[in-house]
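Inspection log for the structure reproduced underneath, given as structure tokens.
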Amino acid sequence: MTAGQLILLLILLMGLITRLYQLGEESLWHDEGVSVRIAQTESTLEILNPGQLDDNPPFYYLILHGWVKVFGASEFSVRFPSLIFSVVTVFFLYKLAFLLYEEKTALGAAGLLCLSGYHVYYAQEARGYTLMALESVISMYFFVKLNAKSNRANGIGYVISSTLLLYTHSYSLFVILGQNLYLSGLAIFSPLSRRIRWKNWLLLQGGLVILFVPWLRVLLGKIIRIQTTGLLWAPSILDVPGAFKTFSGDSAWMGVFFILLAGGALIWFKQNGAGKGEAGQMRSGKTIYRHIGFSHLEQGGLLWCWLGVLIILPYVISLVSTPIMQSRYLIAASPAFYILVSRGIFNLNRKLLIFLTAGVVLGFYPGEIYRNYNRTNKEAWREAVGRLENEAEAGDAVLVNANYCLGNIYNYYGRRTDLDKNPFPKEGKEISEENIRHLTAIAEKYDRIWLVLSHESKNIDLLTESLIRTHQLAEHWIFYRIKIYLFKKVPAKFKLGILGKGKIGFSFFLFKL
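The sequence shown begins at 2 in the numbering used here and counts up one residue at a time.
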């Protein structure tokens, strides 16, 4: 085993340890609950039915479906596939960076991704983001191999990896677009270096289109639904540099530092001076100088194209049309950033600078990972539902707002069947006067009503204001991103004496508690 292979093995082991630690510690949050609900469907065909999904392509859910059947649906179990994908991404990032540059850059890139708190976080989440990152790297790996040698094996590897990528997340389209943009740039600015024939490339892209056609209708439906419902919010100009900040450990100064290093991936500091026969002049230093040149422009151009398309294009689309930009979706672009940063470090071309820069990075990352372990990141559904069902009495009503949380996550933790659980409101999460009239009718039927609030929306106070007209607030618990209230019916003879009106009455009972 060579020294480089030993270092890579240690990096992979470190990646496994950092992702395994506290894997099942926190509750599942809503989106993870969606993954588990879909994975627990009885039939594989149900998963392929777009109506069963959350508008994302089905490949990740198919994997999780098979995994849950074998290993169960505990928090630890359902997150473990994401951990595997993340560790394997570290390995393939090493392979890709080795193709583009050399071993030291490849090891540096693998180390950066291994210790990235951004990747550790999503490696501990039962969603398909680390799978998308892995497939992006593998697709780029075969893309680079195709550009070096256009043969059948590389073409098949590219089509398979890219197809699976497209069936994992809609953002994958930007990865494929980045590849096409890069080849177009090569054709314009460096036609002699282009090795993929356009005829072969168009055949490969045509194959991807044909294989993705079954999902195009669903994708178009998702776009229309986002336009009409406004599920995501429009980004600000700070979200573009914010993406680099996220990749760099959610630190502004590390983000700036990493951007400078990534830009330095295209710059080469070269020392020039007298030849060996002019040792005296070299010692005097009179003929020695350094100049800045550009190197590996094709490799750096590919990485910046990959990175730029996935950040800039969603941002532009979000401004002019429908908001689609989310930091977690950009995980498919982050591997390119880590390769650029690693290359920028080794382009410094002086051992002392390299060691100092690497020391700054290695000194920062452990603290970031430690902070991630010691803060609450996910909605505390396990604790909230557990306490509610421990305190509830048979026949109590449980109203869950937003409505989608009942089936997607509350029922994952809820075990009691003697409670009357209902989503409220039945459609969406916005509160209206019509909802309140319906709530008044519900309140008349029950002596005890539990109200579970998460993903709060405007007019949410109307719920509590309505309930205190007929019930008294008896309990109020706050968990991370979840609030639980227990209302008990007030005997008729006490109503006039103790009930206030609106927010005043609600505040009175909070004060009494």
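Glycine residues also receive a C-beta, built at the ideal position from the N, C-alpha and C atoms. Predicted, not measured: the structure shown is a model, and the values here were computed from it.
Looking at the DSSP output, residue 449 shares a beta bridge with 489.
Across the structure, residue 419 and residue 97 are spaced so that their CA atoms are roughly 56 angstroms apart.
DSSP places residue 32 inside the alpha helix (DSSP H), whose first and last residues are 31-40. Taking residue 5 as the centre and dropping the five residues before and after it, the same chain places the C-beta of 104, 108 closer than 7 angstroms to its C-beta, in chain order. With contacts defined as CB atoms closer than 7 angstroms, residue 339 and residue 21 fail to qualify as a contacting pair. When the beta-carbon positions are compared, residue 482 and residue 380 come within less than 7 angstroms of each other.
Contact check for residue 72 against residue 132 fails: the beta carbons are separated by 7 angstroms or more. Under the three-state reduction of DSSP, residue 412 is assigned to helix. With 16 or more other Cβ atoms inside 10 Å of its own Cβ, residue 382 counts as buried. Judged by their CB atoms, residue 176 and residue 337 are not nearer to each other than the 7 angstroms cut-off. In its chain, beyond the 5 residues on either side, 246 have a beta carbon closer than 7 angstroms to the beta carbon of residue 253. Secondary structure note for residue 340: its alpha helix (DSSP H) is the uninterrupted segment 335-347. For residue 479, the uninterrupted beta strand (DSSP E) segment begins and ends at 472-480. Counting C-beta pairs with one atom in each stretch, the stretch 256-269 and the stretch 317-336 have fewer than three that are closer than 8 angstroms, which means they do not touch.
Assignment of residue 24 by DSSP, reduced to helix, strand and coil, places it in the coil class. Between the stretch 157-165 and the stretch 311-331 there are fewer than three C-beta pairs closer than 8 angstroms, too few to call the two in contact. Within the same chain, 379, 380 come within 6 angstroms of residue 30 by CB-CB distance, once the 5 residues on both sides are set aside. Proximity of the stretch 437-450 to the stretch 397-404 meets the contact definition, three or more beta-carbon pairs being nearer than 8 angstroms.
DSSP links residue 421 through a beta bridge to 398. Within the model, the alpha-carbon separation for residue 24 versus residue 33 is close to 13 angstroms. Considering only 137, 102, 92, the residue with the shortest C-alpha distance to residue 330 is 137. At the C-beta level, residue 179 and residue 307 come within 7 angstroms of one another.
Annotation for residue 300: the continuous alpha helix (DSSP H) segment containing it runs 298-321.
Only buried fits residue 301, as 16 or more other CB atoms lie within 10 angstroms of its CB. Along the stretch 201-225, the beta strand (DSSP E) does not occur as any fully enclosed run of 3 or more residues.
Within the model, the alpha-carbon separation for residue 144 versus residue 154 is close to 12 angstroms. At the C-beta level, residue 111 and residue 91 come within 7 angstroms of one another. In terms of Cα proximity to residue 458, the closest of 181, 244, 404 is 404. Boundaries of the alpha helix (DSSP H) harbouring residue 123: 118-124, taken from the DSSP string. In the structure shown, the three-state DSSP call for residue 483 is strand. In the DSSP annotation of this structure, the continuous segment of the alpha helix (DSSP H) that includes residue 87 starts and ends at 76-101. A Cβ-Cβ separation of about 20 angstroms leaves residue 241 out of contact with residue 130 under the 8 angstroms criterion. With fewer than 16 other Cβ atoms from the protein chains shown falling within 10 Å of its own Cβ, residue 356 counts as exposed. Rounded to the nearest whole angstrom, the C-alpha separation of residue 394 and residue 421 is 11 angstroms. The residues 166, 167, in chain order, have a CB closer than 6 angstroms to that of residue 173 in the same chain once the five nearest residues on each side in sequence are set aside. Excluding the 5 residues flanking it on each side, residue 407 has same chain C-beta neighbours closer than 6 angstroms at 401, 424, in chain order.
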